[in-house]
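Take 96 as the starting number for the sequence shown in our numbering and just add one per residue.
Here the structure comes first, spelled out in structure tokens, and everything after it is commentary.
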Amino acid sequence: MFDSPPVPRPSRRSLLTLAGIGVGGLALGACGDGGAGGSGKPVVITGCYGLTYAAQQVAGDLAEVVSLAQPGVDPHDIELSVAQVAQVEQAALILQIPGFQASLDDAISSKDLTDKALDISSVVTMLHGGEEDAHTHGGDEHGGEDHSSEDGGHEHAHGDLDPHFWNDPARLGKVAEAIGERLASADADNADAYTKAGTAARQRFEDLDAELEKTFDEVSGKKPFVTSHTAFAYLADRYGLEQIGITGIDPEVEPSPKRLLQLQKVIREQHVSTVFFETTASPKVAETLAENVGAKAEELDNLETQLSEKADYPAVMRENCRKLVESWS
96 MFDSPPVPRP SRRSLLTLAG IGVGGLALGA CGDGGAGGSG KPVVITGCYG
146 LTYAAQQVAG DLAEVVSLAQ PGVDPHDIEL SVAQVAQVEQ AALILQIPGF
196 QASLDDAISS KDLTDKALDI SSVVTMLHGG EEDAHTHGGD EHGGEDHSSE
246 DGGHEHAHGD LDPHFWNDPA RLGKVAEAIG ERLASADADN ADAYTKAGTA
296 ARQRFEDLDA ELEKTFDEVS GKKPFVTSHT AFAYLADRYG LEQIGITGID
346 PEVEPSPKRL LQLQKVIREQ HVSTVFFETT ASPKVAETLA ENVGAKAEEL
396 DNLETQLSEK ADYPAVMREN CRKLVESWS
């Protein structure tokens, strides 16, 4: 299980403050080729906490994991500084969710870094994230099954992909294993260690997946939940839940009055007790909607960023599961 990972994790994931970026940029510029940072270790670039956690599980003390995302800040639209682009350029491995962060996509294409990038959509099957569909069913065909392609993800237009795949631990486990394979290629001296760490990390993610599946399966009947935007489609897909989004995949979109009236009707008809809002989104609309229907508003962590070092990926997934199950009781 995740409580005792065989590969030591860094004590703190790297954060790019202005001062740190300046020093890091100089160090990377001086180290030459090979994707090594100032520590001399290979650098892995990530853009969200889910990927950061997976990379840390594999990297241990052998590689340096650098997150471009700031804690508590929506990472969708980060803008990279010149120094950050230099870090990306010097990295040994870049974890890319196409369409999720345009500035990172631009850096990869403009600097011809495709060979260094691990395209997540080539590892796991990604769901569509169109704004026209703010309603996600897991259902009998989807919930509890593994929809991650063994041979790589389906080909979709990148702009249509829902990036929040990390809310499915089985998918994230496949990505962890792929990270191990790519680091093994980038750092041949430690290839065996990376490969073993990737395999072990995937198993721990799958153990967590089985634990969550068992907990969700203990709840009978429909399992609807309302969220401020549809950041939990992969969770719904994996465990047979029904996500009802106030808006679609874009957290910046405001719901229309017509949509809010529709939601009030749905909440009453389905006896929804809780309206959830995400950690990186304003709770205002969710709180107002909840008040209008006599429900409560509560936070559900979308794991885009890490809010506390004590609340790591497994802990947050378990807490989200607990809150959802409690909302159906």
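Every residue gets a Cβ at the ideal spot worked out from N, C-alpha and C, and that includes glycine.
Just so you know, these numbers come straight off a predicted model, no measurement behind them.
In the DSSP assignment, find the unbroken alpha helix (DSSP H) run with residue i in it and report its ends.
i, result
"V380", "K379 to V388"
"I189", "Careful: I189 lies outside any alpha helix (DSSP H), inside the beta strand (DSSP E) at L188 to Q191."
"E276", "P264 to A281"
"Q357", "P352 to E364"
"V168", "Where V168 is concerned, there is no enclosing alpha helix (DSSP H), given that its DSSP letter is neither H nor E."
"V180", "V177 to Q185"
"D332", "A328 to Y334"
I believe residue i touches residue j by the beta-carbon criterion, under 8 Å. Please report the beta-carbon distance rounded to the nearest angstrom.
i, j, result
"A187", "A281", "4 Å"
"I189", "K211", "5 Å"
"I274", "A150", "6 Å"
"L398", "G167", "Not a contact, Cβ separation roughly 12 Å."
Residues in the same chain with beta-carbon distance under 6 Å from residue i, minus the five sequence neighbours each way, listed in chain order, please.
i, result
"P264", "F300, L303 and D304"
"Y408", "Y148"
"E404", "none"
"L121", "Confidence in L121 is poor, its pLDDT being 30 and thus under 50, which makes the residue's placement too unreliable to answer from."
"R333", "D263"
"F311", "Y334"
"L419", "F320"
"F327", "N262 and Q338"
"P258", "I192 and F195"
"R297", "G268, A271 and E272"
"D169", "T375"
"N285", "L157"
"A406", "none"
"S368", "A390 and S422"
"R413", "none"
So if DSSP puts residue i in a beta bridge, which residue, or which two residues, is it bridged to?
i, result
"S162", "T141"
"T322", "G340 and F371"
"E308", "None; E308 has no bridge partner."
"L395", "E373"
"H223", "L256"
Three-state secondary structure (DSSP) at residue i?
i, result
"A406", "coil"
"E250", "Low local confidence applies: a pLDDT of 36 at E250 is under 50, so the model's placement there is unreliable, and no value is given."
"D214", "strand"
"F195", "coil"
"I203", "helix"
"C416", "helix"
"V314", "coil"
"S422", "helix"
"T400", "coil"
"L157", "coil"
"L46", "This structure cannot speak to residue 46, because the chain is shown only from 96 to 424."
"V348", "coil"
"D172", "coil"
"L303", "helix"
Going by beta carbon distance, what residues of the same chain come within less than 7 Å of residue i, once the five residues before and after it are set aside?
i, result
"N415", "L395 and D396"
"A392", "V370, F372, P378, A381, E382 and A385"
"I362", "V321, V388 and A390"
"D214", "Q191 and P193"
Can you tell me where the beta strand (DSSP E) with residue i in it begins and where it stops?
i, result
"K136", "Unbroken run through K136: none, as it is neither H nor E."
Which residues in the same chain have their Cβ closer than 8 Å to the Cβ of residue i, if we skip the five residues on either side of it in sequence?
i, result
"V180", "A202 and K206"
"D255", "G194, H223, G224 and G225"
"T294", "E272 and G275"
For chain D, is any of its Cβ atoms less than 8 Å away from the one on residue i?
i, result
"V270", "Chain labels in this structure do not include chain D; a single protein chain is all it has."
Does at least one heavy atom of the ligand NAD sit under 7 Å from the Cβ of residue i?
i, result
"I339", "The model depicted lacks the ligand NAD and carries no ligand whatsoever."
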